[in-house]
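Mapping of the sequence shown onto numbering that gives the first Met the number 0: position 155 corresponds to residue 154, and the numbering continues sequentially without gaps. Every residue gets a Cβ at the ideal spot worked out from N, C-alpha and C, and that includes glycine. Since we're looking at a predicted model, the values are computed, not measured.
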Amino acid sequence: MPYQDFREFLAVLREEGELIDIDRHIALEDVGKAMKHSYIKQGPALQFNDTGTTMPLVLGCYADRRKALLAFEATPETIFAKVLHGLDNPIPPVTIDRPAPCQEVVIRDNAVDVSKLPIPKYSPKDGGPYITPGIVVSHDPETGVPDIGHYRFLILGPNTMSFSAQPFHRFGKNLLKAQAMGIKPRAAVVIGCDPIHAYTCQVQVPDTVNDWTLAGGLRGAPVELVKCITNDVLVPATAELVIEFEVDMDDLVMEGPLGEYTGYYTPATPKPRATITAITHRINPIFQGLLTGKPVTENHILKQIPFEASVWKALKAQYPTIQNVSVRASAGVSFYVVISMTPRFAGEPRQVILSAIASNIRPKWVIIVEPDIDVHSSSEVEWAMAFRVQPQRDVMIVGDIPAGPSDPSIDEPSRPRPMRTASAIGIDATRPFGKPFSEVADVPGWEDFPMPELDR
Ligand SMILES: Cc1cc2nc3c(=O)[nH]c(=O)nc-3n(C[C@H](O)[C@H](O)[C@H](O)COP(=O)(O)O)c2cc1C
């Protein structure tokens, strides 16, 4: 049975020892430290019940693979197939009448004061308090197709925020299109919903796909949506809290710095102003936070399974002998991809490298191995790199392609985004096609050889 709302998911996390309540008071500027402590220990999600505001604040709900499996109601063995099945079987959403649970309380006009929400400042040099796990729902102004994606929001005043939307992400594209069409963009930030919606945000699909149909497929039941109070955007009916806003593309305010998913601060730059038109929420809402920064954080875990499924789906049709895909949370997820395949002809791994580099994930590192290498095992991949690769023959570098988001290593990272280019590297760590190669020396049968002394 899919989760009906965020609360049901939190109850399961609690039951499984993956979420604990903290009732003593915590200052919002200390939340980042507490969460980092839990990340390092691979510990539970934390619900702070006394932040000096009227709402509890929960963080870490996606912080590791165990919690991701609970979100998908899957096991390590079933997760990949379950996600692929969901993506292949989309289910359209249904719209319900207002008011929905997420609109039990409506705050509008002068009553809006976002500073009353428990929004932490996470890293010491952040530009201020940031909403980091918010799911933005926006529409393509031309086609009306809805998109959901995570975008960060810096709080600037009671009803004012600035935000970052990369031009190659769909919210960014929708904004630019609306600007060109002379339309004022309207959207909503959703906090606290079925965790599947959060993972759906990270699935890479063409701009023509209605993301709610993917969320429906992944949860195996339609998502219930309701129209916002001050605009026509449809949001999940049982969300904890919704911030409705409009964007003035020509009114630029400073956004940043923020300790980013790369593990580095991105500097402050001018970005469009977002003005809040309403905040709606459930009675006794639970607010959500998320500490991003030096990997591994829940930001990286959120992306990992959807990115692996997206790369697999994008490449499998053309390269049917691809067996497995791993993207590395420790390398910022999209920057480092390992793919296993059985090459059908000489040069095919190089084709896969080029296709992966050109995919929407846009990795900086692509490594191709054969299926005897476990793509998720760093030591096996390093073994292949050490003894199956001749760098002069097997490494290719592609230059002058668009830079990955917020990559601090590019030349002049402060250039305007559309001007930022970078290079990518591909390593063919498969054995030379059709040529003899030394035999693998291993000790078969060790699994079945009884060694009770080692059973602990
Ligand atoms: C927690 C989190 C925060 C993110 N914040 C931003 C952001 O502020 N701006 C941005 O452009 N991408 C951000 N991303 C990346 C996009 O959400 C992601 O690439 C997504 O696939 C974009 O989806 P869309 O193109 O369908 O909107 C974030 C990702 C995560 C997991």
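Pull up the distance between the alpha-carbon of Gly191 and that of Ala177, whole angstroms please. Position 192 of the sequence shown, counted from the first residue, corresponds to residue 191. Position 178 of the sequence shown, counted from the first residue, corresponds to residue 177. Using only the alpha carbons, I get a separation of about 27 Å.
Uninterrupted beta strand (DSSP E) stretches inside the stretch 286-370 (no shorter than 3 residues): Qualifying beta strand (DSSP E) stretches, in chain order: 286-288, 321-326, 335-340, 364-368.
Quick check on Tyr260: does DSSP put it in helix, strand or coil? Along the sequence shown, one-based indexing puts residue 260 at 261. In the structure shown, Tyr260 adopts coil according to DSSP, grouped into three states.
DSSP state of Gly171, grouped into three classes? As a position in the sequence shown, residue 171 is number 172, starting the count at 1. Helix, per DSSP.
Which runs of the alpha helix (DSSP H) at least 4 residues long sit entirely within the stretch 197-246? Give them in chain order. Along the length of the stretch 197-246, whole alpha helix (DSSP H) runs at least 4 residues long occupy 210-218, reported in chain order.
Host alpha helix (DSSP H) of Lys32 (start-end): Residue numbering aside, residue 32 sits at position 33 when the sequence shown is read from its first letter. Element bounds for Lys32: 30-39.
Trp445 classed as buried or exposed, judged by whether at least 16 other C-beta atoms fall within 10 angstroms: Counted from its first residue, the sequence shown places residue 445 at position 446. Its Cβ having fewer than 16 others within 10 Å, Trp445 is exposed.
Rounding to the nearest angstrom, what Cα-Cα distance links Arg272 and Val135 in this structure? In the sequence shown, the residue the question calls residue 272 occupies position 273. In the sequence shown, the residue the question calls residue 135 occupies position 136. So the two alpha carbons sit approximately 15 Å from each other.
CB of Arg120 to nearest heavy atom of ligand 1: below 7 Å? Sequence index remark: in the sequence shown, residue 120 carries index 121 (1-based). A small fix is needed here, since residue 120 is Lys in this sequence, not Arg. The answer is no for Lys120.
What did DSSP end up calling Gly133 once you bin it into helix, strand or coil? Against the sequence shown, residue 133 aligns to sequence position 134. Note: Gly133 maps to coil in three-state DSSP.
Could you tell me the distance, in whole angstroms, from the CA atom of Thr341 to the CA atom of Ile321? Taking the sequence shown and counting its residues from 1, one reaches residue 341 at position 342. Taking the sequence shown and counting its residues from 1, one reaches residue 321 at position 322. About 7 Å.
For a minimum of 4 consecutive residues, which ranges assigned as the alpha helix (DSSP H) are wholly contained in the stretch 72-127? As far as the stretch 72-127 is concerned, its whole alpha helix (DSSP H) runs of at least 4 residues are 78-87.
Quick one: give me the first and last residue of the alpha helix (DSSP H) that Asp20 is part of. Locating residue 20 in the sequence shown gives position 21, counting from the first residue. Note, Asp20: premise wrong, no alpha helix (DSSP H); beta strand (DSSP E) at 18-21.
Can you find at least 3 beta carbon pairs, one from the stretch 379-395 and one from the stretch 410-426, that sit closer than 8 Å? Yes: at least three Cβ pairs fall under 8 Å.
Between Gly262 and ligand 1, is the CB less than 7 Å from at least one heavy atom? Taking the first residue of the sequence shown as position 1, residue 262 is located at position 263. It does not: the Cβ of Gly262 is nowhere closer than 7 Å to a heavy atom of ligand 1.
Taking 7 Å as the cut-off, is the C-beta of Gln41 nearer than that to any heavy atom in ligand 1? For the purposes of this step, residue 41 is taken as residue 42 along the sequence shown, with counting starting at 1. No, the beta carbon of Gln41 sits no closer than 7 Å to any heavy atom of ligand 1.
Give me the residue from Leu233, Ser437, Val82 with the minimum Cα distance to Ser137. Within the sequence shown, the letter at position 138 stands for residue 137. It is Leu233.
Name, in chain order, the residues that DSSP records as bridge partners for Glu254. Within the sequence shown, residue 254 is the residue found at index 255, counting from 1. Bridge partners of Glu254 according to DSSP: Thr268.
With the cut-off set at 8 Å, would you say Glu239 and Thr276 are in Cβ contact? Within the sequence shown, numbered from 1, the residue matching residue 239 stands at position 240. Within the sequence shown, numbered from 1, the residue matching residue 276 stands at position 277. No, the pair does not count as a contact, with Cβ atoms beyond the cut-off.
Have a look at Phe350 and Asp146 and give me their C-alpha separation to the nearest angstrom. By 1-based counting over the sequence shown, the position of residue 350 is 351. By 1-based counting over the sequence shown, the position of residue 146 is 147. Looking at the sequence provided, one finds Gln at residue 350 rather than Phe. Our two residues, Gln350 and Asp146, have alpha carbons roughly 31 Å apart in a direct line.
Taking contact to mean at least 3 C-beta pairs separated by less than 8 Å, is the stretch 373-380 in contact with the stretch 355-365? Short answer: they don't touch.
Could you say which of Pro305, Pro184, Gly258 lies nearest to Asp249 if we only look at CA atoms? Residue mapping note: residue 249 aligns to position 250 of the sequence shown, counting from 1. Closest by alpha carbon: Pro184.
Let me check one thing: in DSSP terms, what residues is Ala187 bridge-paired to? As a position in the sequence shown, residue 187 is number 188, starting the count at 1. According to DSSP, residue pairing for Ala187 in a beta bridge involves Val136, Glu243.
In chain order, what residues of the same chain have a beta carbon less than 8 Å from the beta carbon of Val144, not counting five sequence neighbours either side? Residue 144 sits at position 145 when you count from the first residue of the sequence shown. Setting aside the 5 residues that flank it on each side, Val144 is surrounded in the same chain by His138, Asp206, Thr207, Val208, Asn209, each with a C-beta closer than 8 Å to its C-beta; the list follows chain order.
Where do the ends of the beta strand (DSSP E) carrying Gln46 lie? Residue numbering aside, residue 46 sits at position 47 when the sequence shown is read from its first letter. Element bounds for Gln46: 44-47.
Can you give the Cα-Cα distance for Val336 and Gly215, rounded to whole angstroms? For the purposes of this step, residue 336 is taken as residue 337 along the sequence shown, with counting starting at 1. For the purposes of this step, residue 215 is taken as residue 216 along the sequence shown, with counting starting at 1. A direct Cα-to-Cα measurement between Val336 and Gly215 gives close to 28 Å.
Give me the Cα-Cα distance between Phe79 and Ile300, rounded to the nearest whole angstrom. Stepping through the sequence shown from its first residue, residue 79 is reached at position 80. Stepping through the sequence shown from its first residue, residue 300 is reached at position 301. Between Phe79 and Ile300, the C-alpha separation is close to 14 Å.
Is it right to say Leu453 is buried, meaning 16 or more other beta carbons lie within 10 angstroms of its own, or is it exposed? Along the sequence shown, one-based indexing puts residue 453 at 454. So Leu453 ends up on the exposed side.
For Gln303, does the count of other Cβ atoms within 10 angstroms reach 16, so buried, or fall short, so exposed? In the sequence shown, residue 303 corresponds to position 304, counting from 1. Gln303 comes out buried.
State yes or no: is the C-beta of Ile228 within less than 8 Å of the C-beta of Val111? The residue labelled residue 228 in the question sits at position 229 within the sequence shown. The residue labelled residue 111 in the question sits at position 112 within the sequence shown. By the CB criterion at 8 Å, Ile228 and Val111 fall outside the cutoff.
Cα-Cα, which of Pro284, Arg107, Lys40 is closest to Asn230? Your numbering for residue 230 matches position 231 in the sequence shown. The shortest C-alpha separation from Asn230 is found at Arg107.
Going by C-alpha to C-alpha distance, which of Pro269, Thr77, Trp211 sits closest to Asp247? Start at 1 with the first residue of the sequence shown, and residue 247 comes out as number 248. The option with the nearest alpha carbon to Asp247 is Pro269.
Using the beta-carbon count (16 or more within 10 Å), is Ile39 buried or exposed? By 1-based counting over the sequence shown, the position of residue 39 is 40. With a threshold of 16 other beta carbon atoms within 10 Å, Ile39 falls short and is exposed.
To the nearest whole angstrom, what separates the beta carbons of His101 and Gly148, a pair I think is in contact under 8 Å? Counting from 1 along the sequence shown, the entry for residue 101 is found at position 102. Counting from 1 along the sequence shown, the entry for residue 148 is found at position 149. Note on residue identity: the sequence assigns Cys, not His, to residue 101. Actually they do not touch by this definition, with Cβ atoms about 19 Å apart.
For a quick check, are the C-beta atoms of Gly219 and Pro75 less than 8 Å apart? One-based indexing of the sequence shown puts residue 219 at position 220. One-based indexing of the sequence shown puts residue 75 at position 76. Cβ distance not < 8 Å, so Gly219 and Pro75 don't count as in contact.
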